[in-house]
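S.K.: Could you have a look at this structure, given as structure tokens, before my questions?
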């Protein structure tokens, strides 16, 4: 892994990367098993409940209702090895439940209420609860679930997984204390499918392997933190995610997938790979999953066909971190799924440089209706700072090539990375207005825990640790930058509104076709699609109101 930092070896992120083989080839293998007894009676046929917690987002933002792939993949694997498993997506279960969690930063929580969760747990009576966290800003929601579970089911084992607890295990456990011992019993670092299955098999025998791969827990008053050694190399070994254990019709009815302006009526998210080795400084996912591993094209075809046959899905949204890293494989996927006649898009973004003409043609022929280009910075200087490999001069021609074939082109832009200047950002905004994007999202660089940016600015005292748990992509939280934070926020909002007006005037029919019906739904407060909707609404609605 390329070194893009000057952080000390004692830094928690640096220490984490040094302890796993994908980022340090000299890591020693795990020691032999060390089985220790569980101090209370266990069941021979335990039930595992996997939980996707409520979500935090700022006021005025569209809510998302996406099938939770993490707990679904784990659930599918547990079921395949005959472990009794149940899935609870707190977001879909409490879609209309919203509360203001952070008045100062206007951050809301949406998802299952405490009372509803307690009732569910008492009725379900799980023996092991696994909570998966995708974003660090939802960490307090995980703590809340663990505390509620411990109160109503004191002998139930609480296990947490995901990026944040994997990289920051000590703080995750110690900060879960309300009164007495931590509410989180164990952390399983890294991928959860095989690690949780092994944990359950040991539980059946009344023991825990103290030396288990990626296990974190307290034994005899000592916190044990085991490194994350093994990765699943062949993703085709995994069964399909257990989406059948979720209320799939509810996701389709709410219709708020990752790209919340879909082309289809029944949309599903799919991951064809794990990992991205690019190493952008603002990205935490690259540190959590550095090595690129894939499903075969045939497996991707089989999975999509299953969703079409089973649920009537008519759109797929690829959520890979780097779908095009292996361009030959990507082309094979596009070729093999072409007969399925499925519409698809790439809301997580794709690398600009990966789009060669032959790959564009294959993607379009296979059903791609929108491409998201992860431009991120607005200049070569900003890309050098972030480590993002983009040849910016090639961007206009690639946008025009897609547009010439009636493909919608969305742009991702990140501004406000320490080291950028106001002059470069403003110049970049004017340049963006000349490009033929159909839509653009501007985000202010955020200090995501697990990223080099977060750890670097934390070490300099430019952010506080808790800034990573209240991410607001329209606000600047990093101090002592070359660009004034308030100025940056104003310019981002101004550009966003200006660009929507430019696009609406330039391509009125396209704008209306893409947004008009969805905006009517957004304004219907009974559907709860915009968080905290009222005097403050999202920028698209602001634009429509002022246009």
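Residue numbers (the working numbering): 110 to 656. All C-beta atoms, glycine included, are put in the ideal place defined by N, C-alpha and C.
(1) Look at the alpha carbon of residue 438 and the alpha carbon of residue 471, and state the distance between them as a whole number of angstroms.
(2) Give me the residue from 413, 418, 383 and 410 with the minimum Cα distance to residue 401.
(3) Please work out which residues of its chain come closer than 8 Å, Cβ to Cβ, to residue 135, disregarding the five sequence neighbours upstream and downstream, and give them in chain order.
(4) Give the C-beta separation of residue 404 and residue 462 to the nearest angstrom, bearing in mind that I take them to be a contact with Cβ-Cβ under 8 Å.
(5) For residue 231, name the three-state secondary structure that DSSP assigns.
(6) Measure the alpha-carbon distance for residue 122 versus residue 449 and round it to whole angstroms.
(7) Please check if any C-beta of chain B sits within less than 8 Å of the C-beta of residue 361.
(8) Could you check if residue 144 is buried or exposed, using at least 16 other CB atoms within 10 Å of its CB as the buried criterion?
(9) What is the residue span of the alpha helix (DSSP H) that residue 371 lies within?
(10) Taking the Cβ atom as the reference point for each residue, do residue 520 and residue 484 lie within a distance shorter than 8 Å?
(11) According to DSSP, simplified to helix, strand and coil, what is residue 359?
(12) With DSSP run on the structure shown, which of helix, strand or coil describes residue 405?
(13) Could you check what DSSP says for residue 612 in three-state terms: helix, strand or coil?
(14) Does the separation of the CB atoms of residue 338 and residue 347 fall below 8 Å?
(15) Along the chain, where does the alpha helix (DSSP H) containing residue 186 start, and where does it finish?
(16) DSSP three-state call for residue 460: helix, strand or coil?
(17) Which of the three DSSP states is assigned to residue 248 in this structure?
(18) Whose C-alpha, out of 209, 213 and 425, is nearest the C-alpha of residue 222?
(19) What do you reckon, are the CB atoms on residue 457 and residue 433 nearer than 8 Å?
(20) Counting pairs of Cβ atoms below 8 Å between the region 212 to 222 and the region 235 to 242, do you hit three or more?
(21) Does the Cβ-Cβ distance between residue 296 and residue 283 come in under 8 Å?
(22) Identify which residue in 394, 397, 568 and 228 has its Cα closest to the Cα of residue 118.
(23) Any idea what DSSP makes of residue 309, helix, strand or coil?
(24) Round the Cβ separation of residue 313 and residue 151 to the nearest angstrom and send it over; I've been treating them as touching at under 8 Å.
(25) Quick check on this structure: which residue in 253, 329 and 625 has the alpha carbon closest to the alpha carbon of residue 163?
(26) Restricting to Cα atoms, I'd like to know which of 496, 469, 259 and 325 is closest to residue 507.
(27) Does DSSP classify residue 534 as helix, strand or coil?
(28) Let's see if you can read the secondary structure: which residues bound the beta strand (DSSP E) around residue 522?
(29) Let me know the secondary structure DSSP gives residue 253 once reduced to three states.
(30) Can you tell me whether DSSP reads residue 164 as helix, strand or coil?
(31) Need the endpoints of the beta strand (DSSP E) that residue 505 sits in, please.
(32) So the alpha helix (DSSP H) residue 440 belongs to, where does it begin and stop?
(33) Pull up the distance between the alpha-carbon of residue 459 and that of residue 251, whole angstroms please.
(34) Could you check which residue in 353, 334, 588 and 188 has the C-alpha nearest to that of residue 157?
(35) So what's residue 318 in DSSP terms, helix, strand or just coil?
(36) If residue 229 sits next to residue 197, beta carbons under 8 Å apart, how far is it from one beta carbon to the other, in whole angstroms?
M.R.: Reading off the structure:
(1) 12 Å
(2) 383
(3) none
(4) Their Cβ separation, rounded to whole angstroms, is 23 Å, which puts residue 404 and residue 462 out of contact at 8 Å.
(5) helix
(6) Cα to Cα, residue 122 sits roughly 43 Å from residue 449.
(7) Given the protein chain composition of this structure (a single chain), no chain B is represented.
(8) Exposed, by the Cβ-count rule.
(9) Looking at the DSSP string, residue 371 is not in any alpha helix (DSSP H), and its letter there is neither H nor E.
(10) yes
(11) helix
(12) coil
(13) helix
(14) No, the Cβ-Cβ distance between residue 338 and residue 347 is not below 8 Å.
(15) 178 to 189
(16) DSSP, reduced to helix, strand and coil, places residue 460 outside both helices and strands of the structure shown, so it counts as coil.
(17) helix
(18) 209
(19) no
(20) no
(21) Residue 283 sits away from residue 296, with the two beta carbons spaced by 8 Å or more.
(22) 568
(23) helix
(24) 7 Å
(25) 253
(26) Nearest to residue 507 by C-alpha distance, out of 496, 469, 259 and 325, is 469.
(27) helix
(28) Per DSSP, the continuous beta strand (DSSP E) segment holding residue 522 begins and ends at 517 to 524.
(29) helix
(30) strand
(31) For residue 505, no beta strand (DSSP E) segment is defined; the enclosing uninterrupted segment is the alpha helix (DSSP H) at 504 to 513.
(32) For residue 440, the enclosing alpha helix (DSSP H) starts and ends at 436 to 446.
(33) 30 Å
(34) 188
(35) strand
(36) 7 Å
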